[in-house]
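Engineer: Read left to right, the sequence shown gives residues 4 to 135 (this note's numbering). Yeah, the Cβ is synthetic: ideal placement off N, Cα and C, and Gly gets one too. Bear in mind that the values here come from a model prediction, so they are computed numbers and not experimental data. So that we are looking at the same thing, I have put the structure below in structure tokens.
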Amino acid sequence: MEMRRILATIFGIFFLYTGSLHFTDTDWFEPIVPSILGSPKFWVLASGVAEIILGIGLIIPQTKEVSGYATAIFLVLIYPANLYMWIYDIELGDGASLSPTGHIVRLFAQIAMIGLGLWIGGWFSNRSSVET
């Protein structure tokens with residue numbers, strides 16, 4: 004099995020797991036939804052559905068490329084919630100909050116996951132061939 008498929012499967016399982024947490028522990032996620040969006044429960048559940056769909060798409064070989072790109076876009080779109088949590092020092096549903104170092108680690112992890120999604124999608128391999 005090629006490395007891209009192996010990592011897509013692992014990434015997909017990760018997204019299935021984190022997506023399911025949006026349904027089993029909504030209170031944990033709700034505090035980081037920016038208040039301007041309204042209804043935190045809606046956004047937690049909607050992002051959970053999106054993560055589960057992305058996870059399934061990453062695991063299915065025929066859809067892993069498009070799902071890789073979609074995952075990268077999704078991770079960019081949800082980062083403002085993480086930034087909101089950082090700027091306003093929001094506690095998660097269990098009362099814990101990240102340290103400044105924890106937020107920096109999370110930022111770099113988010114960037115790495117965006118890169119992984121793009122790589123699974125084939126972004127970097129498509130860029131290596133230049134037509135003349």
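Rounded to whole angstroms, what's the CA-CA distance from Val-133 to Ile-16? Just pull it up for me.
Structural biologist: With a pLDDT of 47 at Val-133, under the threshold of 50, the modelled position of that residue is not reliable, and the figure given next carries that caveat. Taking the straight line from one Cα to the other gives about 34 Å.
Engineer: Under 8 Å, do Gly-120 and Leu-78 count as touching if we go by C-beta distance?
Structural biologist: yes
Engineer: Kindly confirm or deny that the stretch 11–28 and the stretch 51–71 touch, where touching means at least three C-beta pairs closer than 8 Å.
Structural biologist: yes
Engineer: With Pro-43 as the anchor, note down where its alpha helix (DSSP H) starts and where it stops.
Structural biologist: 43–62
Engineer: Under three-state DSSP, which class holds Ile-93?
Structural biologist: coil
Engineer: Considering only residues of the same chain and omitting the five flanking positions on each side of Ala-49, which have a CB-CB separation below 8 Å?
Structural biologist: none
Engineer: Note down the Cα distance separating Tyr-72 from Glu-94, rounded to an integer number of angstroms.
Structural biologist: 31 Å
Engineer: Would you mind giving the Cβ-Cβ distance between Ala-84 and Val-36, rounded to the nearest angstrom? I have them listed as a contact below 8 Å.
Structural biologist: 6 Å
Engineer: Along the chain, where does the alpha helix (DSSP H) that runs through Gly-125 open and close?
Structural biologist: Looking at the DSSP string, Gly-125 is not in any alpha helix (DSSP H), and its letter there is neither H nor E.
Engineer: Quick one: using the 10 Å Cβ neighbour count with 16 as the cut-off for buried, is Pro-103 buried or exposed?
Structural biologist: exposed
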